[in-house]
Amino acid sequence: MTGFTQTLAAATASLNRQIHAMPFNRALADGTLPEATFRGYIVQDAHYLEGFARALALVAAKASDPDAIALLASSAAGAISAERSLHAHYMQLFGVSAEQFAATEVSAACDHYVSYLLRVAAIGNFAEGVAALLPCFWIYRDVGRAIAERAAPGNPYAAWIDTYAGEAFDEGVTRMLALTDRVAAAGDAACRARMQAAFARCCWHEWHFWDSAYHERGWPAP
Ligand SMILES: Cc1ncc(CN)c(N)n1
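199 is the number that UniProt numbering gives to position 199 of the sequence shown; each next residue is one higher, with no gaps.
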């Protein structure tokens, strides 16, 4: 990790520590997360990944160089294919049909995160879009790795852990970190401030998404 991404990590270190210590992630590591909680999370996450892939494609369209277009567009395809097969694995395991998935209401936390990403991707500049997308890569790799280190043997969520702690996911994260550093170096101080704000907001959304899944929250009733 070099350059601006170090600044981003330092600015969000406290939130990042809290994310690692979340009950959802602790219980995932020791294999005690209730199946119904994980099932609810996976269903929301499958909805999330569709929105995330759309945001990646929108930011890819704003990129000025072919390397960035290729990275963002291939990540959009990867979000749909690799992670979708992970979701399909768990949905089959939990007996969630395609019809049940389609009929499940998107949670407030999922809707909020996806709406934010799409807003930044659509009306923010390219640099802000890249910064908003980064936590989805970076936090999952680091949480996945930390969980892999302490996961109990025979963990029922091993497929999830292996995906995010694995080399293939790390490759995309490393390239996304390099892109963020490159874009930040090419921008001015105001641009970097906007990037930092979008990055911090999406780190919060990652926390909120797990918190909502752990408490199985939908939409607060009036
Ligand atoms: C909410 C969320 N954030 C990030 C990831 C990892 N792509 C994910 N699957 N879901």
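Beta carbons: idealized from backbone N, C-alpha and C, even for Gly. Here the structure is a predicted model, which is why all the values come from computation and not from measurement.
Requested in this report: Give the straight-line distance between the Cα atoms of Ile161 and Cys136, rounded to the nearest whole angstrom.
Outcome: For the purposes of this step, residue 161 is taken as residue 161 along the sequence shown, with counting starting at 1. For the purposes of this step, residue 136 is taken as residue 136 along the sequence shown, with counting starting at 1. Taking the straight line joining both Cα atoms gives about 15 Å.
Query raised in the report: In or out: Glu83 buried (at least 16 other Cβ within 10 Å) or exposed?
Result: Residue mapping note: residue 83 aligns to position 83 of the sequence shown, counting from 1. So Glu83 counts as buried.
Query raised in the report: Around the C-beta of Thr32, are 16 or more other C-beta atoms found within 10 angstroms, so that it is buried, or is it exposed?
Result: By one-based count along the sequence shown, residue 32 stands at place 32. With fewer than 16 Cβ atoms within 10 Å of its Cβ, Thr32 is classed as exposed.
Query raised in the report: Any heavy atom of ligand 1 within a distance shorter than 7 Å of the CB on Leu134?
Result: If you number the sequence shown from 1, residue 134 lands on position 134. It does not: the Cβ of Leu134 is nowhere closer than 7 Å to a heavy atom of ligand 1.
Query - the segment 204–215 in contact with the segment 103–114 per 3-pair CB rule at 8 Å - result: yes
Query raised in the report: Using the beta-carbon count (16 or more within 10 Å), is Arg141 buried or exposed?
Result: Here residue 141 refers to the residue found at position 141 when the sequence shown is read from its first residue. Label assigned to Arg141: buried.
Query raised in the report: So, is Trp210 buried or exposed, given that buried needs 16 or more other C-beta atoms within 10 angstroms?
Result: Locating residue 210 in the sequence shown gives position 210, where the first residue counts as 1. So Trp210 ends up on the buried side.
Query raised in the report: Thinking just about the alpha-carbon of each residue, which of Arg39, Arg26, Ala21, Thr5 is nearest to the one in Thr104?
Result: Translated into positions along the sequence shown, residue 104 becomes position 104. It is Arg39 whose Cα lies nearest to the Cα of Thr104.
Query - Inter-residue spacing [alpha-carbon to alpha-carbon] between Asp188 and Val130 - result: Within the sequence shown, the letter at position 188 stands for residue 188. Within the sequence shown, the letter at position 130 stands for residue 130. About 15 Å.
Query raised in the report: Any idea what DSSP makes of Ser97, helix, strand or coil?
Result: For the purposes of this step, residue 97 is taken as residue 97 along the sequence shown, with counting starting at 1. Note: Ser97 maps to coil in three-state DSSP.
Query raised in the report: Taking 7 Å as the cut-off, is the CB of Phe126 close to at least one heavy atom of ligand 1?
Result: Here the question's residue 126 lines up with position 126 in the sequence shown. No - ligand 1 has no heavy atom lying nearer than 7 Å to the Cβ of Phe126.
Query - CB contact flag (Gln196, Leu8, <8 Å) - result: Indexing the sequence shown from 1 puts residue 196 at position 196. Indexing the sequence shown from 1 puts residue 8 at position 8. Cβ distance < 8 Å, so Gln196 and Leu8 count as in contact.
Report task. Pull up the distance between the alpha-carbon of Ile139 and that of Arg17, whole angstroms please. Result -> As a working mapping, residue 139 is identified with position 139 in the sequence shown. As a working mapping, residue 17 is identified with position 17 in the sequence shown. Taking the straight line from one Cα to the other gives about 11 Å.
Query raised in the report: Is Ala131 helix, strand or coil by DSSP?
Result: Translated into the one-based positions of the sequence shown, residue 131 becomes position 131. Helix, per DSSP.
Query raised in the report: Just how far apart, CA to CA, sit Val106 and Phe24?
Result: Counting from 1 along the sequence shown, the entry for residue 106 is found at position 106. Counting from 1 along the sequence shown, the entry for residue 24 is found at position 24. About 19 Å.
**Report entry** Local conformation of Arg141 per DSSP, three classes
**Finding:** Position 141 of the sequence shown, counting from 1, holds the residue named residue 141. If DSSP states are grouped into helix, strand and coil, Arg141 belongs with the helices.
Requested in this report: Would you mind sorting Ala98 into buried or exposed? The rule is 16 or more other CB atoms within 10 Å of its CB.
Outcome: Residue mapping note: residue 98 aligns to position 98 of the sequence shown, counting from 1. Counting Cβ neighbours within 10 Å, Ala98 comes out exposed, since fewer than 16 surround it.
Requested in this report: With a cut-off of 8 Å on the beta carbons, I'd call Phe126 and Ala63 a contact; round off their distance for me.
Outcome: Within the sequence shown, residue 126 is the residue found at index 126, counting from 1. Within the sequence shown, residue 63 is the residue found at index 63, counting from 1. Confirmed, Cβ separation roughly 6 Å.
Report task. Can you grab the Cα-Cα spacing for the pair Ala11 / Tyr90, in whole Å? Result -> One-based indexing of the sequence shown puts residue 11 at position 11. One-based indexing of the sequence shown puts residue 90 at position 90. Straight-line Cα distance between these residues: approximately 35 Å.
Report task. Quick one: measure Cβ to Cβ for Ala76 and Ala46, integer angstroms, because I've assumed they're closer than 8 Å. Result -> Taking the sequence shown and counting its residues from 1, the one referred to as residue 76 is at position 76. Taking the sequence shown and counting its residues from 1, the one referred to as residue 46 is at position 46. Wrong, their Cβ atoms sit about 15 Å apart, outside the cutoff.
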